[in-house]
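S.K.: Quick note, the numbering used here runs 33 ahead of the 1-based positions in the sequence shown. Here it is, the structure, as structure tokens.
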Amino acid sequence: MLPGPTLILACPKCSAPHRSGTLESGNTFGAKVWSDGKMIAPMMPEEPAFTKCSACGTFCWVSDMPQIGSYSPWSNSPQREPLSFNVSIDDIWDEEELVARRWAAEFGCSIDGAQRMLQKLPIELAKDVDAATVNKLTAKYEELGLSVARMPCRTSTEPVPQEWATAPDLLSLNEIEIFSALGGGLARTPDEEILLRIAAWHAGNDDYRDGSKAWVPYLERNAAATSNLELLLVLLDKSKASHRLMAGEIARQLGQFDDTLSWLDQDKLEHASFEDEQQKENLLAFMAFIRGLVLQRNSQLVQFDES
Ligand SMILES: [Zn+2]
């Protein structure tokens with residue numbers, strides 16, 4: 034595992050600083066995976082995507098917390114984020130012809146014209162723009178298959194605030210907190226609602242992962258926990274193999290064993306085409322594991338053993 038810089042992110046409401054670790058590279062050596070899909074990997078720790086400010090208690094998406102500084106992993110001296118950036122396209126990471134087609138469709142030019150343009154890398158996109166603009170440009174051009182580089186333009190000479198040294202890590206939320214955020218309308222799209230409902234489900238199962246506490250079936254839990262799973266079942270996109278597998282596991286944990294098998298169609302998965310064959314193999318192994326639990330009429334959370 035190779036750590037990347039520690040980012041200093043500000044609360045979007047009160048600007049209180051928080052720390053978020055990053056990774057240059059990680060791996061799943063020694064990782065544990067459970068039937069609900071949660072993985073805990075010591076060599077690939079995950080930061081939350083959704084959190085709560087440690088100072089004012091505001092719920093927010095981490096992607097909405099502006100980055101105000103960073104610490105390099107090899108030094109303890111923090112740096113402020115540049116005030117503005119110059120942005121350019123510096124590389125193509127997909128097939129050139131595909132990228133040219135996407136470029137032509139996006140900008141209404143000919144494919145030949147797009148190819149000539151792409152041969153002139155680097156292409157300057159913007160000068161002296163803020164981080165939010167950089168992020169928008171990066172998302173737009175990465176979608177086309179291009180790599181976007183940001184270079185500092187204007188930098189601050191202000192000293193770094195003392196409080197950065199003691200800034201708390203991003204908080205991981207418990208089930209009740211996530212239900213409260215959902216009730217407060219913090220999920221702005223169906224995809225965000227799916228993410229929050231999965232996070233609440235995983236958090237609600239966290240007490241049972243190490244086997245020290247006896248499993249409480251969902252039918253005996255509070256109404257909020259059960260209806261969270263029922264709503265998640267409705268939201269999942271059943272055209273995706275990974276979502277069908279998750280739907281099967283949710284139905285199993287709800288004790289709806291007959292519904293479960295309808296989501297876990299092994300034949301359909303075996304005949305599906307995947308860009309990544311390894312992903313298909315992993316899904317098939319996981320599906321066989323869940324089907325085995327269903328046949329035992331077992332609704333408990335179980336650790337998945339790949340061997
Ligand atoms: Zn705050």
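By construction, the Cβ of each residue, glycine as well, lies at the ideal position given by its N, Cα and C atoms. What you are looking at is a predicted structure, and each value in this text was computed from that prediction instead of being measured.
1) Ligand 1 and E186: does any heavy atom of the ligand fall closer than 7 Å to the residue's C-beta?
2) Answer yes or no: the CB of T199 versus the heavy atoms of ligand 1, is any distance below 7 Å?
3) Any heavy atom of ligand 1 closer than 7 Å to the Cβ of T91?
4) Determine the direct distance from the alpha carbon of E79 to that of P38, and round the result to whole angstroms.
5) Taking only three categories from DSSP, how would you classify P111?
6) I want to see whether chain D comes within less than 8 Å of E303, judged by CB atoms only; does it?
7) For ligand 1, I want to know if A214 counts as a neighbour, meaning its beta carbon is within less than 7 Å of at least one of the ligand's heavy atoms.
8) Decide if F307 is buried, meaning its Cβ has at least 16 other Cβ atoms within 10 Å, or exposed.
9) Would G75 be called buried (16 or more neighbouring beta carbons within 10 Å of its own) or exposed?
10) Report all residues from its chain with a CB closer than 7 Å to the CB of E139; omit the five preceding and five following residues, and keep chain order.
11) With C-beta atoms as the reference, is G237 less than 8 Å away from A258?
12) For F62, count neighbouring C-beta atoms within 10 Å of its own C-beta (all shown protein chains included) and say buried if the count is 16 or more, exposed if not.
13) Using a Cβ-based criterion (distance less than 7 Å to any ligand heavy atom), does K271 qualify as near ligand 1?
14) Check whether the Cβ of C86 lies closer than 7 Å to any heavy atom of ligand 1, and answer yes or no.
15) Using three-state DSSP, classify P223 as helix, strand or coil.
16) Would you report the Cα separation of L266 and G281, rounded to the nearest angstrom?
17) Would you check if the segment 135-149 and the segment 199-219 touch, i.e. whether three or more CB-CB distances between them fall below 8 Å?
18) Excluding sequence positions up to five away, which residues of its chain have a Cβ less than 8 Å from the Cβ of E129?
19) At a threshold of 7 Å, does C142 count as lining ligand 1 (C-beta to nearest heavy atom)?
20) Is there contact between the segment 117-129 and the segment 182-194, where contact requires at least three CB pairs shorter than 8 Å?
21) Compare the C-alpha of A274 against each of L317, N109, G218, E57 and name the closest.
M.R.: Reading off the structure:
1) The residue you call residue 186 lines up with position 153 of the sequence shown. For clarity, residue 186 is Cys in the given sequence; the question names Glu instead. Not so, every heavy atom of ligand 1 lies at least 7 Å from the Cβ.
2) Along the sequence shown, one-based indexing puts residue 199 at 166. Not under cutoff, so the answer is no.
3) Numbered from 1 along the sequence shown, position 58 holds the residue referred to as residue 91. Yes - ligand 1 has a heavy atom lying nearer than 7 Å to the Cβ of T91.
4) As a first step, residue 38 must be located in the sequence shown, where it is residue number 5. As a first step, residue 79 must be located in the sequence shown, where it is residue number 46. Distance between the alpha carbons of P38 and E79: 14 Å.
5) Reading the sequence shown from its first residue, position 78 is the one you call residue 111. Residue state, collapsed to three classes: coil.
6) The chain labelled as chain D is not found in the depicted structure, where only one protein chain is given.
7) The residue labelled residue 214 in the question sits at position 181 within the sequence shown. It does not: the Cβ of A214 is nowhere closer than 7 Å to a heavy atom of ligand 1.
8) Locating residue 307 in the sequence shown gives position 274, counting from the first residue. Its Cβ having fewer than 16 others within 10 Å, F307 is exposed.
9) One-based indexing of the sequence shown puts residue 75 at position 42. The amino acid occupying residue 75 in the given sequence is Pro; Gly does not appear at that position. Counting Cβ neighbours within 10 Å, P75 comes out exposed, since fewer than 16 surround it.
10) Locating residue 139 in the sequence shown gives position 106, counting from the first residue. So the qualifying residues of the chain are L177.
11) Position 204 of the sequence shown, counted from the start, is the residue given in the question as residue 237. Position 225 of the sequence shown, counted from the start, is the residue given in the question as residue 258. Cβ distance < 8 Å, so G237 and A258 count as in contact.
12) Mapped onto the sequence shown, residue 62 falls at position 29. So F62 ends up on the exposed side.
13) Position 238 of the sequence shown, counted from the start, is the residue given in the question as residue 271. Outside the cutoff, so no.
14) Along the sequence shown, read from residue 1 onward, the residue named residue 86 stands at position 53. Correct: C86 has its Cβ closer than 7 Å to ligand 1.
15) The sequence position of residue 223 within the sequence shown is 190, counting from 1. Looking at P223 - three-state DSSP - the assignment turns out to be helix.
16) For the purposes of this step, residue 266 is identified with residue 233 of the sequence shown, where counting begins at 1. For the purposes of this step, residue 281 is identified with residue 248 of the sequence shown, where counting begins at 1. Rounded to whole angstroms, L266 to G281 spans 9 Å at the Cα level.
17) no
18) Residue 129 sits at position 96 when you count from the first residue of the sequence shown. Excluding positions up to five away in sequence, the list reads Q148, L151.
19) For the purposes of this step, residue 142 is identified with residue 109 of the sequence shown, where counting begins at 1. For ligand 1, not one heavy atom lies less than 7 Å from the Cβ of C142.
20) yes
21) As a working note, residue 274 is residue 241 in the sequence shown. For A274, the nearest C-alpha among the options comes from L317.
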